[in-house]
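**Student:**
In the UniProt record's numbering, the protein residues as written are 1 to 361.
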């Protein structure tokens, strides 16, 4: 049985390696994002502090997808370093099996998965929402009412006023608030009736409340309103689903699934996101097992480069397989539970099978 001191030592080496890779890549992502935002800002009068705040708000969302790779590379680096220094050889000579000195890294990976799901994801979702609001404010500040050429979010609605297509630069408050709004209103013959531009839109009962609106009608011309009401039959859940918002935190997903189901709206994407977050600890455990299966080779046997390359390739294939399964689940082809859990479970079982073959013959 591995001792507490040795277990803490292996665990400390693993968590240090994972955090080092994660923070290093996060810093690189922030730098690239800062350069890209600086290019997009151009001649706008935006101070550096505001730009850095936007980068800071966007960073958790980007780095949330980085964690599986940080665990994979951290585990490979840790096991290879221990093997190169012959520490694993000494541990084996003392009667400690591979399963025992893998255990600390596996437990930490599961704990990281739980932390990522329960704490980091809600923080990431909240910061993503703040980033959307701040980004809309920055890029609408110096170009009149709207920034030209942006794509943003799109949704379609049908109401007593006719059919409308709504474009928004950002969404917040669970789909109840839109920023940087552009509305194209059509009649029953698909003829354009009017175009509405507004800085902000808030969803009330049965209507959008558009603030600082400019209404362009072919027969009347341009009119400006402090507040302009546009009828709608959409609910906040339908708006959020239509905008494909990525700002629903883990703890709010069950309520979002229930609300979408009650109104008869598709909840597959919410179910898939919820199951994927639940499966994240298993995915990180699979990354550790894959890393261990390719990194426990003694250095003097050679072939380390090919072994590492195989481990990296296996980790990337597992991640790609996970995203492919999520796409199938979102399309309704595969059940969300299978789409979320199957890749992680298969990856973990493959790692266990390889380790059993190498360690126990």
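A virtual CB, placed ideally from N, CA and C, is assigned to each residue, including glycine.
For clarity, every value in this text was computed on a predicted model and none was experimentally measured.
Here's a check: name, in chain order, each residue in its chain whose Cβ is nearer than 8 Å to the Cβ of residue 407, leaving out the five neighbours to either side.
**Tutor:** Not covered by the structure: residue 407. The range shown for the chain is 1 to 361.
**Student:** On the three-state DSSP scale, how would you describe residue 149?
**Tutor:** Within the chain shown, residue 149 is the residue found at index 149, counting from 1. Unreliable positioning characterises residue 149 in this predicted model, as indicated by a pLDDT of 39, which lies under 50. A coordinate reading is not provided.
**Student:** Restricting to runs no shorter than 3 residues, where is the beta strand (DSSP E) found entirely within the region 158-195?
**Tutor:** 162-172, 177-186
**Student:** Straight-line CA distance for residue 267 to residue 258?
**Tutor:** One-based indexing of the chain shown puts residue 267 at position 267. One-based indexing of the chain shown puts residue 258 at position 258. Answer to the nearest angstrom: the Cα atoms are 8 Å apart.
**Student:** How should residue 251 be labelled, buried or exposed, when 16 other C-beta atoms within 10 angstroms of its C-beta is the threshold for buried?
**Tutor:** Here residue 251 is taken as the residue at index 251 of the chain shown, counted from 1. Looking at its Cβ environment, which holds fewer than 16 other Cβ atoms inside 10 Å, residue 251 is exposed.
**Student:** Are the beta-carbon atoms belonging to residue 181 and residue 201 less than 8 Å from one another?
**Tutor:** Taking the chain shown and counting its residues from 1, the one referred to as residue 181 is at position 181. Taking the chain shown and counting its residues from 1, the one referred to as residue 201 is at position 201. Yes, these two residues count as a Cβ contact at 8 Å.
**Student:** Quick check on residue 235: does DSSP put it in helix, strand or coil?
**Tutor:** Along the chain shown, one-based indexing puts residue 235 at 235. Note: residue 235 maps to coil in three-state DSSP.
**Student:** Compute the distance between the beta-carbons of residue 362 and residue 286, then report whether it is under 8 Å.
**Tutor:** Absent from the model: residue 362. The displayed extent of the chain is 1 to 361, so no value can be given.
**Student:** Around the C-beta of residue 141, are 16 or more other C-beta atoms found within 10 angstroms, so that it is buried, or is it exposed?
**Tutor:** Start at 1 with the first residue of the chain shown, and residue 141 comes out as number 141. Low local confidence applies: a pLDDT of 49 at residue 141 is under 50, so the model's placement there is unreliable, and no value is given.
**Student:** So for residue 355, helix, strand or coil by DSSP?
**Tutor:** Against the chain shown, residue 355 aligns to sequence position 355. Correct three-state label for residue 355: helix.
**Student:** Suppose the cutoff is 7 Å on Cβ atoms and the five residues either side in sequence are ignored; what does the same chain contact list for residue 343 look like?
**Tutor:** Along the chain shown, read from residue 1 onward, the residue named residue 343 stands at position 343. Result list for residue 343: 318, 321, 322, 325, in chain order.
**Student:** What are the residues that DSSP puts in a beta bridge with residue 87?
**Tutor:** On the chain shown, position 87 is the one that residue 87 refers to. Under DSSP, residue 87 takes part in no beta bridge, so it has no partner.
**Student:** Quick check: what's the CA-CA separation for residue 60 versus residue 284?
**Tutor:** The sequence position of residue 60 within the chain shown is 60, counting from 1. The sequence position of residue 284 within the chain shown is 284, counting from 1. For residue 60 and residue 284, the distance between alpha carbons rounds to 18 Å.
**Student:** Count the C-beta pairs between the region 95-104 and the region 307-315 that are closer than 8 Å, then say yes if the count reaches three, no if not.
**Tutor:** no
**Student:** May I ask you to report which of helix, strand or coil DSSP gives residue 226?
**Tutor:** Sequence index remark: in the chain shown, residue 226 carries index 226 (1-based). In the structure shown, residue 226 sits in a strand (DSSP, three-state: E or B).
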